[in-house]
Amino acid sequence: MSGTIRAILNQKSREVFSISSDATVFEAVEMMDAKNVGALLVMKQERLVGIISERDYTRKVVLRGKRSREAKVAEIMSTNVFTTNPSEGVDECLRIMTDKHIRHLPVLDGDKVVGVISIGDLVKHVISCQQAAIAHLESYIHGGYLG
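Written out as structure tokens, the structure reads:
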């Protein structure tokens with residue numbers, strides 16, 4: 007499979023949703039719901055300091071009996087954030103996400119966040135590549151191959 011993260015970012019909105027570590031978990035979940043995303047980047051000014059996901063909420067708030075209106079994002083966010091860059095290959099990102107059991111990868115160009123990719127974004131890309139390969143092979147089989 008071919009392709010880079012840059013190609014995926016060019017196909018989707020580059021809008022990055024973020025929240026402060028001082029916000030409550032309730033505010034984070036509310037924002038995830040409003041934006042229809044499964045994770046938010048936690049930023050301090052322009053610097054990535056963590057990520058908070060629906061999984062963090064479930065495991066670190068619900069299961070531990072914390073109150074989302076009182077708990078701060080800083081208490082439950084993941085601070086060991088795996089990232090990628092626009093030049094990285096799709097296959098490598100799939101490997102990282104699978105090996106580390108994560109669903110979202112912030113994309114950094116140097117220290118600047120330029121996007122976020124999800125496992126769903128990668129799967130859509132893989133399916134698109136496979137469909138293009140199938141169409142190419144069908145064309146070849148039926149004699150329409152020009153190349």
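Each residue of the sequence shown is one higher than the one before, counting from 7 in my numbering. Even glycine gets a Cβ: it sits at the ideal position worked out from N, Cα and C. Note that this is a predicted model, so its numbers are computed, not measured.
Query                                                                                                                                                                             : Result
Check whether the segment 95-105 touches the segment 56-66, counting contact only when three or more Cβ pairs, one atom from each stretch, lie closer than 8 Å.                   : no
Should T90 be labelled buried (16 or more other beta-carbon atoms within 10 Å of its own) or exposed?                                                                             : buried
Tell me which same chain residues have a C-beta within less than 7 Å of the C-beta of M7, skipping the five on either side of it?                                                 : Confidence at M7 is low in this model, with a pLDDT of 49, below 50, so the placement of that residue is unreliable and no value is reported for it.
Comparing the C-beta of M103 with each C-beta of chain D, is any distance below 8 Å?                                                                                              : Absent from the structure is chain D; it holds one protein chain and no more.
Identify which residue in L46, P92, Q17 and N42 has its Cα closest to the Cα of V31.                                                                                              : L46
With DSSP run on the structure shown, which of helix, strand or coil describes A80?                                                                                               : helix
Going by C-alpha to C-alpha distance, which of E36, K130, K41 and K118 sits closest to P92?                                                                                       : K118
Does G149 come out as helix, strand or coil in the three-state DSSP assignment?                                                                                                   : coil
Identify every run of the alpha helix (DSSP H) within the segment 87-138, keeping only runs that are complete inside it and at least 4 residues long; order them along the chain. : 96-106
Ordered along the chain, which non-local residues of its own chain (more than five positions away) have a Cβ less than 7 Å from that of M37?                                      : F23, I25 and L46
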